[in-house]
Amino acid sequence: MSMATGVSICSNALLMLGAQTINDFNDQLNLDRAKLCANLYPTVRDDMLRQHPWNCCIKRAVLAPDAAAPAFGYEHAFELPADFMRVLEVGTAGQQIDYLVEGRSIQANTTVLELRYVFRNEVESTWDSSLVKLVTLAMAAVLAYPVTQSAALQQSLGQELEQEKRRARAVDGQEDPPQMLGDERLLASRFGSYW
Numbered sequence: 173m174s175m176a177t178g179v180s181i182c183s184n185a186l187l188m189l190g191a192q193t194i195n196d197f198n199d200q201l202n203l204d205r206a207k208l209c210a211n212l213y214p215t216v217r218d219d220m221l222r223q224h225p226w227n228c229c230i231k232r233a234v235l236a237p238d239a240a241a242p243a244f245g246y247e248h249a250f251e252l253p254a255d256f257m258r259v260l261e262v263g264t265a266g267q268q269i270d271y272l273v274e275g276r277s278i279q280a281n282t283t284v285l286e287l288r289y290v291f292r293n294e295v296e297s298t299w300d301s302s303l304v305k306l307v308t309l310a311m312a313a314v315l316a317y318p319v320t321q322s323a324a325l326q327q328s329l330g331q332e333l334e335q336e337k338r339r340a341r342a343v344d345g346q347e348d349p350p351q352m353l354g355d356e357r358l359l360a361s362r363f364g365s366y367w
């Protein structure tokens, strides 16, 4: 794990652009850059966290139904956790259930909902170093034009960001065991073994 913070990620992005760093998001000496970072960082962070199920940003929760049932379609609604960003799995492994995400709730025909999800991990020191590097590069790409007035630099950093995303996702995904998708009987029949 890293010793990163939101401020250190933004400062490193500024360094990549050849600009002076900030000490915090209210830095009076570099107020313009600090305000720019404070405004852009939460959006960039959340976007990067939502794009991929980073192992350091996954949680599980067991949700109880809300008192009020949906008007139609499903029997129960379940309020999503406050730090929820993206559904990964609903139901226990191998036993998926039908559900629908609407607004800040999940609707399903069950009385208890097991949820595996991407959460808004705002503790950067718990992030994988690849994710820290990726968010730093994303901040540099977003800050490039406002700080340097160079569209070419912004485009170059955007291309580097896309390459880094592929690498970081591959590294993160290698830690997970292979998962079976769909009906295992179909796969078995394809290879000649029937149940």
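Numbering of the sequence shown is given in the numbering used here, commencing with residue 173 and proceeding in unit increments.
Beta carbons are placed, not taken as given, at the ideal position from N, Cα and C, and that holds for glycine.
No experiment lies behind these values; they were computed from the predicted model shown.
Could you give the DSSP three-state label for residue i: helix, strand or coil?
i, result
"L189", "coil"
"V262", "strand"
"I230", "strand"
"V307", "helix"
"R288", "strand"
"A324", "helix"
"M175", "coil"
"I181", "helix"
"A240", "coil"
"E347", "coil"
"W367", "The predicted position of W367 is uncertain, since its pLDDT is 46 and thus under 50; a value taken from the coordinates is nonetheless stated next. Here W367 sits in coil by DSSP."
Who are the Cβ neighbours of residue i in its own chain at under 8 Å, not counting the five residues just before and after it?
i, result
"G245", "L272 and Q279"
"R341", "H224"
"S180", "E296"
"A152", "Since the first residue of the chain shown is 173 and the last is 367, residue 152 is not available in this structure."
"V216", "V307, A310, M311 and V314"
"M175", "S297"
"N281", "Y246, E247, H248, I269 and D270"
Who are residue i's beta bridge partners in DSSP?
i, result
"E274", "S277"
"E251", "S277"
"Q268", "G263"
"L235", "L285"
"F256", "F291"
In chain order, what residues of the same chain lie with their CB nearer than 6 Å to the CB of residue i, ignoring the 5 residues before and after it?
i, result
"R232", "R288"
Drop a sphere of 10 angstroms on the beta-carbon of residue i, count the other beta-carbons inside from all chains shown, and report buried for 16 or more, exposed for fewer.
i, result
"R339", "exposed"
"L187", "exposed"
"T298", "exposed"
"P237", "buried"
"G345", "exposed"
"R205", "buried"
"G178", "buried"
"L221", "buried"
Which same chain residues, not among the five before or five after residue i, have their C-beta less than 7 Å away from its C-beta?
i, result
"T320", "L189"
"N202", "Q192 and I194"
"C209", "C182, I194 and F197"
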